[in-house]
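Take a look at the structure set out below.
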Amino acid sequence: MAVSQGVLGAVLEDLRDESAEVDGLVADLPPAAWAAPTPAAGWTVAHQIAHLAWTDQQALFAARDPEGFRREAEKRLALADAGGFIDEGAEDGARLPHGELLERWRAGRRELEEALTGLAPGVRLPWYGTSMSAASMATARIMETWAHGTDVADALGVVREPTERLRHVVRIGVRARDFAYAVRGLEPPAEPFRVAVTGPEGQVWAHGPKDAGQSVAGSALDFCRLVTQRVHRDDTDLRAEGAEAERWLSIAQAFAGPPGVGRAPLGRVVPEGEA
């Protein structure tokens, strides 16, 4: 029986809504606006949408041909510039006519949803650094779509209101804690952390034991911005209790692949290639 109900179905619905919101930001843009620079150095609005289209295609590749994807991922991650292929994917897509790029992203979203829905229960998909369930892959797509949509909105001067969908980004950010250490060659802490952040309606999303010696609190929006490396630690309202929790906030990343360098504190210019 295909995975079409329950948790996966709910996550895919949120992914559709998140994608539709970002789609709405660019659907009627004039050509010049696609070339607007975003907070990621060297990336325009077109690069951001191209990256989303490219990662959807990679996720589709992982769902349809897990062994082929695994072999290709191993080759890419073994390169001296392990993250270069990501920039190449965005650059290639950004060269397309904007209408074609948008249609490619839309078609890829539909295909990926169909592929994830059609997977047998319990199947895990390979990815860059770890494997994940269909629901986790859909959650990762929400995280990426929200993060790159944030860059697009910033470039266009649009303020996006935070939604309940941020809970997915919070969850994947918490679950990726050990990966953030490991990808930097650091030993992850043995003890669990407590993360309790406040959502847009005042709801508290909590993970980890209440009596944990290391904890993080603050707004869910700032936590999501931090773990997707859309803000510097110093420019958040996050509060860490414990030296290791503070250390984690300095390296946190919710995305797979090589570690990012994050964003500079407000007021400092980011050198080319550091975004």
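1 is the number of the first residue of the sequence shown in UniProt numbering; add one for each residue after it.
All C-beta atoms, glycine included, are put in the ideal place defined by N, C-alpha and C.
Computed from a predicted model, the values in this text were never measured in an experiment.
Evaluate Val-166 with the Cβ neighbour count: other Cβ atoms within 10 Å of its Cβ, from every protein chain shown; 16 or more gives buried, anything less gives exposed.
-> Mapped onto the sequence shown, residue 166 falls at position 166. According to the sequence shown, residue 166 is Leu rather than Val. Buried, since its Cβ has 16 or more Cβ neighbours within 10 Å.
Pull up the distance between the alpha-carbon of Ala-120 and that of Ala-59, whole angstroms please.
-> Locating residue 120 in the sequence shown gives position 120, where the first residue counts as 1. Locating residue 59 in the sequence shown gives position 59, where the first residue counts as 1. Approximately 16 Å between the Cα atoms of the pair.
Asp-56, buried or exposed, once every other Cβ within 10 Å from all chains shown has been counted against 16 = Numbered from its first residue, the sequence shown carries residue 56 at position 56. When all chains shown are included, Asp-56 counts as buried.
Roughly how far, in whole angstroms, is the beta-carbon of Asp-154 from the beta-carbon of Pro-39, given that I think they are within contact range, below 8 Å?
-> Taking the first residue of the sequence shown as 1, we reach residue 154 at position 154. Taking the first residue of the sequence shown as 1, we reach residue 39 at position 39. The beta-carbon separation of Asp-154 and Pro-39, rounded to 5 Å, stays under the 8 Å limit for a contact.
Rounded straight-line distance, which links the Cα of Phe-85 to that of residue 280 | Residue 280 is absent from the structure shown; the chain starts at 1 and stops at 275.
Beta-carbon proximity of Gly-242 to Gln-203, cut-off 8 Å = Translated into positions along the sequence shown, residue 242 becomes position 242. Translated into positions along the sequence shown, residue 203 becomes position 203. Against a cut-off of 8 Å, the Cβ pair of Gln-203 and Gly-242 comes out as no contact.
How about residue 302 and Arg-171: do their beta carbons lie closer than 8 Å?
-> Limits of the chain in this structure are 1 at one end and 275 at the other, which puts residue 302 out of reach.
Cβ of Ala-252 within 8 Å of Cβ of Met-143?
-> Numbered from 1 along the sequence shown, position 252 holds the residue referred to as residue 252. Numbered from 1 along the sequence shown, position 143 holds the residue referred to as residue 143. Taking 8 Å as the cut-off, the beta carbon of Ala-252 is found no closer than this to the beta carbon of Met-143.
Which residues in the same chain as Leu-186 place their Cβ atom closer than 8 Å to its Cβ, once the five residues preceding and following it in sequence are excluded?
-> Translated into positions along the sequence shown, residue 186 becomes position 186. Within the same chain, Cβ atoms closer than 8 Å to the Cβ of Leu-186 are found at Ile-251, the five residues on either side in sequence being excluded.
Residues sharing a beta bridge with Met-132, DSSP = As a working note, residue 132 is residue 132 in the sequence shown. As a beta-bridge residue in DSSP terms, Met-132 pairs with Leu-125.
In or out: Glu-18 buried (at least 16 other Cβ within 10 Å) or exposed?
-> As a working note, residue 18 is residue 18 in the sequence shown. So Glu-18 counts as buried.
Take every Cβ of the region 24-44, pair it with every Cβ of the region 92-99, and state whether three or more of those distances are shorter than 8 Å.
-> In short, these stretches touch, since the Cβ pair count reaches three.
Taking just the CA atoms, how far does Arg-124 sit from Phe-61?
-> Stepping through the sequence shown from its first residue, residue 61 is reached at position 61. Stepping through the sequence shown from its first residue, residue 124 is reached at position 124. Rounded to whole angstroms, the gap between the alpha carbons of Phe-61 and Arg-124 is 13 Å.
Quick one: Cα of Thr-150 to Cα of Glu-161, how far?
-> Position 150 of the sequence shown holds residue 150. Position 161 of the sequence shown holds residue 161. Between Thr-150 and Glu-161, the alpha-carbon positions lie close to 10 Å from each other.
Through-space distance from Glu-201 to Ala-78, alpha-carbon basis | In the sequence shown, counting from the first residue as 1, residue 78 sits at position 78. In the sequence shown, counting from the first residue as 1, residue 201 sits at position 201. When rounded, the distance between both Cα atoms is 44 Å.
Going by other Cβ atoms of all chains shown within 10 Å of its Cβ, with 16 needed for buried, is Pro-265 buried or exposed?
-> The residue you call residue 265 lines up with position 265 of the sequence shown. Label assigned to Pro-265: exposed.
C-beta contact flag for Ala-46 and Trp-34 at 8 Å = Here the question's residue 46 lines up with position 46 in the sequence shown. Here the question's residue 34 lines up with position 34 in the sequence shown. It is a contact, given that the beta carbons lie within the stated cut-off.
Using only alpha-carbon positions, find the residue among Glu-74, Ala-94 and Leu-8 that is nearest to Trp-43.
-> The residue given as residue 43 occupies position 43 in the sequence shown. Selected option, being the one with the closest Cα: Ala-94.
Go ahead and pull the three-state DSSP assignment for Pro-37.
-> Here residue 37 corresponds to residue number 37 of the sequence shown, with the count starting at 1. Three-state DSSP puts Pro-37 in a strand.
Classification of Val-261 by the beta-carbon crowding that lies within 10 angstroms, buried from 16 upward = As a working mapping, residue 261 is identified with position 261 in the sequence shown. Taking a 10 Å sphere around the C-beta of Val-261, we find fewer than 16 other C-beta atoms and assign the residue as exposed.
In the DSSP assignment, find the alpha helix (DSSP H) that holds Glu-88 and state where it starts and stops.
-> As a working note, residue 88 is residue 88 in the sequence shown. Annotation for Glu-88: the continuous alpha helix (DSSP H) segment containing it runs 84-94.
Which value, in whole angstroms, describes the spacing of the CA atoms of Arg-71 and Arg-141?
-> Walking along the sequence shown from the start, residue 71 turns up at place 71. Walking along the sequence shown from the start, residue 141 turns up at place 141. Looking at the two C-alpha atoms, the distance is approximately 22 Å.
How many angstroms separate the CA atom of Ala-134 from the CA atom of Leu-8?
-> Against the sequence shown, residue 134 aligns to sequence position 134. Against the sequence shown, residue 8 aligns to sequence position 8. Each residue's alpha carbon lies about 7 Å from the other.
Rounded to a whole number of angstroms, what is the C-alpha to C-alpha distance between Glu-67 and Gly-129?
-> Within the sequence shown, residue 67 is the residue found at index 67, counting from 1. Within the sequence shown, residue 129 is the residue found at index 129, counting from 1. If you take the alpha carbons of Glu-67 and Gly-129, they lie about 14 Å apart.
Whose CA, out of Pro-192, Thr-236, Glu-91 and Asp-23, lies closest to the CA of Arg-106?
-> What you label residue 106 is simply residue 106 of the sequence shown in a count that begins at 1. The alpha carbon of Arg-106 has as its nearest neighbour, out of Pro-192, Thr-236, Glu-91 and Asp-23, the alpha carbon of Asp-23.
Within the region 174-258, note down every full beta strand (DSSP E) run reaching 3 residues or more, in order along the chain.
-> Within the region 174-258, the beta strand (DSSP E) runs of at least 3 residues that lie entirely inside it are, in chain order, 194-198, 204-207, 215-219 and 239-241.
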